[in-house]
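In terms of the numbering used here, the sequence shown has 59 at position 55, counting the first letter as 1, and numbering is strictly consecutive.
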Amino acid sequence: MAPAPDCLNCRQNADLDALPLREHVLRTTYWRVAHAFDTALPGWLVVVPLEHVTALDELPTEAYAELGDLLGRLSAALRTVVGCAKTYFMQFSEADGFTHLHVHVVPRMPDQPDELKGPRVFGYLGAPVGEAVTEDDRDQLAGELRAALG
């Protein structure tokens with residue numbers, strides 16, 4: 005599918021070399037990993053296909069296998085870097101302006117409050133400035149994740 009001009013992920017994918025580390029933690033043949041920009045939870049990642057698609061079944065079969073491997077590697081890297089107990093994986097791609105397929109990879113911390121576990125983890129998104137993980141911290145985490153991923 006052709007890039008969509010009104011799609012943030014397509015615009016970012018168009019010039020990967022210009023992206024800050026936080027938006028380009030890792031790139032594979034089919035995927036780009038970024039740290040979420042409006043979260044209060046350090047390590048909240050988003051896995052974005054390099055091609056504009058709105059549903060998983062629009063991708064080539066090889067992208068599925070690569071995604072499975074990538075999710076496992078990211079989960080292990082998050083355990084190492086942020087010390088999470090496990091990771092959540094979610095894919096909705098329904099928000100206005102964010103219909104480009106993307107998979108949330110979210111660390112669930114050992115001390116995470118019950119009211120922010122499971123699907124309520126989305127309470128960490130939409131964090132106001134001052135509560136969101138800063139760009140500098142996201143860049144730092146991205147570098148640590150890259151090192152952990154090898």
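Where is the CB? At the ideal position from N, CA and C, for every residue including glycine.
Spatial distance of residue i from residue j (CA atoms)
| i | j | result |
| --- | --- | --- |
| Leu155 | Val133 | Since the displayed the chain opens at 5 and closes at 154, residue 155 lies outside it and no answer follows. |
| Asp61 | Glu135 | 36 angstroms |
| Gly47 | Leu82 | 7 angstroms |
With 16 other Cβ atoms within 10 Å as the buried cut-off, status of residue i
| i | result |
| --- | --- |
| Thr65 | exposed |
| Arg26 | buried |
| Leu20 | exposed |
| Arg146 | Residue identity differs from the one stated: residue 146 is Ala in this sequence, not Arg. By the 10 Å Cβ count, Ala146 comes out buried. |
| Arg142 | buried |
Cutoff 7 angstroms; reference residue i; Cβ partners in own chain excluding five residues on either side
| i | result |
| --- | --- |
| Pro53 | Tyr34, Trp35, Leu63, Ala67 and Leu105 |
From the options, residue whose alpha carbon lies closest to that of residue i
| i | options | result |
| --- | --- | --- |
| Leu49 | Thr91, Arg124 and Val110 | Val110 |
| Gln144 | Phe96, Thr32, His39 and Gln16 | His39 |
| Arg150 | Ser79, Phe96 and Ala22 | Ser79 |
| Pro114 | Tyr92, Phe93, Cys88 and His28 | Cys88 |
Own chain, CB closer than 8 angstroms to residue i, minus 5 neighbours either side, in chain order
| i | result |
| --- | --- |
| Thr43 | Tyr128, Leu129, Ala131, Ala136 and Val137 |
| Val86 | Pro46, Gly47, Pro111, Met113 and Leu145 |
Neighbourhood of residue i by C-beta, 6 angstroms cutoff - its chain only, sequence neighbours within 5 removed
| i | result |
| --- | --- |
| Lys90 | Arg112 |
task = Taking only runs that begin and end inside the stretch 24–50, name each unbroken beta strand (DSSP E) of 3 or more residues, in chain order.
result = 35–39
Segments of 3+ residues assigned as beta strand (DSSP E) that fall wholly inside the stretch 90–134 = 90–94 and 107–112
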